[in-house]
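One structure is given below, encoded as structure tokens.
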Amino acid sequence: MRFDTPIVDAHAHIAGKQACEVWLEAADLYGISAVYTQTRMSDAARVREVLGDRARFVAIPDYMAEDKKHAFTTGFLDAMTQWRDEFGAKMVKFWMAPRLRDFADDPEAAGLFTFDSDLRRSQMDHAAELGLVFMAHIADPDTWFKTKYADASKYGTKAQQYESLERAIEAYSPTPWLLAHMAGSPEDLDFLGGLLDRHQNVVVDTSATKWQVRELSKHDPAVFRAFCDRFSGRVLFGSDIVSTDEHLEQSEQSEPGSKRPNFGVQASSRAEAFDLYASRYWAMRKLMESDYDGESPIADPDLMLVDPESHDEMSAPRLRGHDLGRERLEVLYHGACEQSLDVWYGLA
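Residue numbers are given in this note's numbering: position 68 of the sequence shown equals residue 1453, and the series is strictly consecutive.
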């Protein structure tokens, strides 16, 4: 890469007692100076030991808990407090992806699906009392709403995902919000621009590299550059890399119907794990820094979802570089974080 500047990754999931070391190797290679990480609580002490001040923790529920009802409800309140008190977290993640409906079978879990519910309001109230700022994963790719989420009676439409979010942003204003994955709408920069215009306390990140590369590459580079200029300081670099020790070992295929991710399919050795993490930084930096126009190095099964006759699981989309230029890159890579996340964490 030709651009040399510190880069803050505003959105990653660094875990694994050995995998965090592999991630650090990739981070060093691609200039990542700090990371805001959604780490499993059981791995947080080790991640802090390896990364030191480069790791800035985000409060999350225990996604892998056996008692998920407790973990996502009252247990989440306790987790927020522990994350703040033991690991210095100043931000809390609300995971509101539509596929949460596939995991939460208990009728009482319906309160997890909307920011309007008493359950979510109690969690946001607690977070506000702790002085935490809010992160949210809202919506998912358009490709999923055409396929996985085609049943709108169960998942709602994509537009409906934002209705309770906007009410919550207004209700908790001026609390800052970080909306992950370009607020779930890299496909529609006009919609995203309207959201940012309506809510001055909102910033977004570019995480979910595979998704962002596919969709942002479809925009004319001049259009994306204009978007970055219009919302300068409100678009943060992020990768959504997930590091786990399961990437370092051979694993069997998941049982059919299993809801647990099969990380062994992504990587099964230290070398493969390094390539997995490095590829995300390579692709995102290529997208932002260059005028490269070619195939992404990241296989994208979403292509097969919408066009199975022309694609398979290893098909990759076009990566079209937007060549943002030094001034925009300085803001994207660290300036935007210095204006927002670093301030929230008392680091600026």
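Idealized CB from N, CA, C, for every residue including glycine.
Kindly list the residues whose CB is nearer than 7 Å to the CB of K1539, restricted to its own chain and excluding five residues on each side of it in sequence; keep chain order.
On the sequence shown, position 154 is the one that residue 1539 refers to. Cβ within range, chain order: R1486.
If we count the other Cβ atoms within 10 Å of its Cβ and call it buried at 16 or more, is Q1508 buried or exposed?
Indexing the sequence shown from 1 puts residue 1508 at position 123. Label assigned to Q1508: buried.
Count the C-beta pairs between the region 1671 to 1687 and the region 1704 to 1724 that are closer than 8 Å, then say yes if the count reaches three, no if not.
yes
Residues sharing a beta bridge with V1716, DSSP:
The residue labelled residue 1716 in the question sits at position 331 within the sequence shown. Answer is none; V1716 lacks a bridge partner.
So, for A1684: in the same chain, excluding its five sequence neighbours on each side, which residues have a beta-carbon less than 6 Å away from its beta-carbon?
Position 299 of the sequence shown holds residue 1684. Closer than 6 Å at the Cβ level, and outside the excluded window around A1684, lie M1699, A1701.
Using 10 angstroms around the beta-carbon of K1595, count the other beta-carbons present and answer buried if the total reaches 16, otherwise exposed.
Counting from one through the sequence shown, the residue named residue 1595 turns up at place 210. Label assigned to K1595: buried.
In chain order, which continuous runs of the beta strand (DSSP E) of length 3 or greater are located wholly inside the region 1553 to 1635?
1562 to 1564, 1587 to 1590
Leaving out five residues on either side along the sequence, give the residues of the same chain with a beta carbon under 8 Å from the beta carbon of K1531.
Counted from its first residue, the sequence shown places residue 1531 at position 146. Result list for K1531: L1690, V1691, in chain order.
Is it buried or exposed for T1390, if we count other Cβ within 10 angstroms and need 16 for buried?
The residue given as residue 1390 occupies position 5 in the sequence shown. The residue is exposed, with fewer than 16 neighbouring Cβ atoms inside 10 Å.
I need the straight-line Cα distance from A1397 to A1521, nearest angstrom please.
For the purposes of this step, residue 1397 is taken as residue 12 along the sequence shown, with counting starting at 1. For the purposes of this step, residue 1521 is taken as residue 136 along the sequence shown, with counting starting at 1. Using only the alpha carbons, I get a separation of about 13 Å.
Indicate the three-state DSSP secondary structure (helix, strand or coil) for Y1421 in the structure shown.
Residue numbering aside, residue 1421 sits at position 36 when the sequence shown is read from its first letter. Residue state, collapsed to three classes: strand.
So, helix, strand or coil for D1697, using DSSP?
Numbered from its first residue, the sequence shown carries residue 1697 at position 312. In this structure, D1697 counts as coil in the three-state DSSP scheme.
Under the assumption that G1749 contacts D1447 (Cβ atoms under 8 Å), give the Cβ distance between them as a whole number of angstroms.
The structure shown does not extend to residue 1749, since the chain is modelled only from 1386 to 1733, so the question has no answer here.
Using 10 angstroms around the beta-carbon of P1571, count the other beta-carbons present and answer buried if the total reaches 16, otherwise exposed.
Residue 1571 sits at position 186 when you count from the first residue of the sequence shown. Result: buried.
Below 8 Å, can you find three or more Cβ-Cβ pairs linking the region 1597 to 1606 to the region 1544 to 1564?
no
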